[in-house]
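Notes to accompany the following structure.
In my numbering, the protein residues as written are 3 to 610.
Written out as structure tokens, the structure reads:
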């Protein structure tokens, strides 16, 4: 130290020690603390106290406690203790703690990769209550926070905060940080509220200016109610809000239950409603916001999450699009998407509920759905002007789509592509064997010259009509396994196809020209024209049937290609490689179609 001064006074009015008065004033100049390589030094520290005691009863009145550290902080505390602290009352305040001064005092070992920090912090605290008795065997936290034991309030105010440093690999700069929060605990309930704002750079690759307002209430250490939870990112057009409640927290707060996923799912009742909006028109600089992506329009999601303890998890919500467009550097472009995608999802937690495997049904899976479509609430629920993928464009897109009861149902889709029109439906459903994707479509006027290598010319008819049915069985629990041809069933019926187009299709199937049936059919194409073609891929085998039309012989059937193993074709490696593109779809489908969630040997397992 550089010197110190201390004054101490004690007044004892009688021998019973019922009236004792203590006061002291101390000032230490240039105090410093040394331990190993750590050195902390201050300009000065002043401490002043005044107290009254009844040592016979164990009563203490701390009338004054003042702490002053120049250019850093002033702190004040008053307290009353009865019967050696069985009953207490505290009133304290810390004024204008200079965080920059405190930061400069910290040894480098505590600063990690942070460069500097600052701002002004004010804290006030009030508390009163009584200590629990030894006879009460409940956990200490429960006894201390019992309605009759404790009442407390605290306020924290941060002004003009700033920070520069690193978070992981990101260099972060924060300024104009402001925080105001108030914590109240009374009658066994807690309430925390406040707001936060600031300017942040480096967290998400773009500048952020968040404004966050919140209020949460805890009742009887058991129920948490989210009364206010709203986040706005100024100049980015993003907003988030949350409301709801969580019941059943007491055993976790008291430490009687471990905070583990299995316990949380079996003991908590939850209902949370969330709304998220991204309005790109409000973004100050959308190119800066999305980097190389170009986006326009608005996306809004609304979700209600419910958990019934030990019974089920349930999601109910929607994602809405308003004139949304997205252009990716890879060349994929979505233009003017509008509409709403509704969804519901349920996961059963009760094993008894998983025993009943009901198979869902949608009229759209049957032909008679067509006249019923006008009555569907999902008719044209989503529309888009176009989707461009690697030079090909799908135009005038319409979707009747919903995710409901663990089933993805695109009851109808329609779009124009390659000079023709494609329409059909797609379903992710549960059958008796497990989840399966069913895809059915009809196409007309499709120009196949961009799909097959066909010499263009005046007399080349590259237009094709027909229908296609695809079924993909989902392998559950096979994340590391490739997609197998045995999972795939494809049925193609072509009702209109040009001679040159069919010849190129057959050449694609037999590039080595080693299959007599295909070679015979190609030879007959010199004398007849295609009438219709059926292609079947099932159980890893390929079947091809073709009917030709001759002016002399009428309609004749070409030699049939039967049960040719796909694995034996020269194109197998190409087909197998393309098939693996479905792996991501398979994994996503397995999650979407899951009906239940169970724990087996400590691991979380999905059930179907």
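Ideal Cβ placement from N, Cα and C applies to all residues, glycine included. All values derive from a computational prediction rather than experimental measurement.
Measuring only the C-alpha atoms, how far is residue i from residue j?
i, j, result
"residue 123", "residue 243", "28 Å"
"residue 403", "residue 164", "48 Å"
"residue 236", "residue 222", "37 Å"
"residue 458", "residue 555", "Confidence is the limiting factor: at residue 458 the pLDDT is only 47, short of 50, which leaves the residue's position unreliable, though a coordinate-based value still follows. Cα to Cα, residue 458 sits roughly 29 Å from residue 555."
"residue 566", "residue 320", "46 Å"
"residue 127", "residue 77", "11 Å"
"residue 114", "residue 205", "18 Å"
"residue 283", "residue 240", "10 Å"
"residue 99", "residue 125", "9 Å"
"residue 96", "residue 308", "42 Å"
"residue 558", "residue 386", "44 Å"
"residue 405", "residue 117", "49 Å"
"residue 581", "residue 397", "26 Å"
"residue 24", "residue 63", "10 Å"
"residue 542", "residue 469", "21 Å"
"residue 595", "residue 192", "40 Å"
"residue 553", "residue 597", "58 Å"
"residue 409", "residue 551", "43 Å"
"residue 487", "residue 475", "10 Å"
"residue 275", "residue 352", "24 Å"
"residue 600", "residue 266", "13 Å"
"residue 329", "residue 295", "6 Å"
"residue 490", "residue 180", "58 Å"
"residue 562", "residue 392", "36 Å"
"residue 498", "residue 172", "59 Å"
"residue 153", "residue 170", "40 Å"
"residue 446", "residue 238", "44 Å"
"residue 517", "residue 465", "26 Å"
"residue 2", "residue 450", "Within the shown structure, residues of the chain are numbered from 3 to 610, placing residue 2 beyond reach of any answer."
How would you call residue i, buried or exposed, if buried means at least 16 neighbouring beta carbons within 10 angstroms?
i, result
"residue 591", "buried"
"residue 263", "exposed"
"residue 87", "exposed"
"residue 437", "buried"
"residue 60", "exposed"
"residue 209", "buried"
"residue 502", "buried"
"residue 334", "exposed"
"residue 17", "exposed"
"residue 413", "buried"
"residue 607", "exposed"
"residue 337", "buried"
"residue 349", "buried"
"residue 9", "exposed"
"residue 108", "exposed"
Enumerate in chain order the residues of its own chain whose CB-to-CB distance from residue i is below 6 Å, with the five nearest sequence positions on each side excluded.
i, result
"residue 441", "428 and 472"
"residue 92", "81 and 129"
"residue 217", "195, 229 and 230"
"residue 536", "495 and 547"
"residue 399", "386 and 417"
"residue 278", "242 and 303"
"residue 531", "501 and 551"
"residue 102", "120"
"residue 74", "100 and 103"
"residue 50", "27 and 68"
"residue 395", "388"
Whose C-beta lies closer than 8 Å to the C-beta of residue i among residues of the same chain, with five residues either side of it excluded?
i, result
"residue 19", "55, 56, 57 and 58"
"residue 65", "52, 53, 54 and 80"
Which one or two residues does DSSP pair with residue i in a beta bridge?
i, result
"residue 345", "319 and 405"
"residue 105", "None; residue 105 has no bridge partner."
"residue 97", "76"
"residue 493", "471 and 538"
"residue 218", "194 and 228"
"residue 242", "233 and 278"
"residue 411", "404 and 429"
"residue 61", "56"
"residue 510", "Paired residues: none, contrary to the question."
Can you list, in chain order, the residues of its chain whose CB lies under 7 Å from that of residue i, leaving out five sequence neighbours each side?
i, result
"residue 369", "Reliability fails at residue 369, whose pLDDT of 48 lies under 50, so the model's placement of it is uncertain and no value is given."
"residue 271", "249, 250, 309, 310 and 311"
"residue 213", "199, 234 and 236"
"residue 261", "254"
"residue 443", "424, 425, 426, 469 and 470"
"residue 259", "253, 265 and 269"
"residue 524", "505 and 508"
State yes or no: is the C-beta of residue i nearer than 8 Å to some heavy atom of the ligand SAH?
i, result
"residue 57", "With respect to the ligand SAH, the structure shown offers nothing to examine, as it has no ligands at all."
> Which runs of the beta strand (DSSP E) fall wholly inside the stretch 141-198 and span at least 3 residues, in chain order?
Replying inline: Runs found: 152-169 and 172-188.
> Can you give, in chain order, each stretch of the beta strand (DSSP E) that sits fully within the stretch 9-51 and has at least 3 residues?
Replying inline: Taking only runs of at least 3 residues, the beta strand (DSSP E) segments lying wholly in the stretch 9-51 are 22-31, 34-37 and 40-43.
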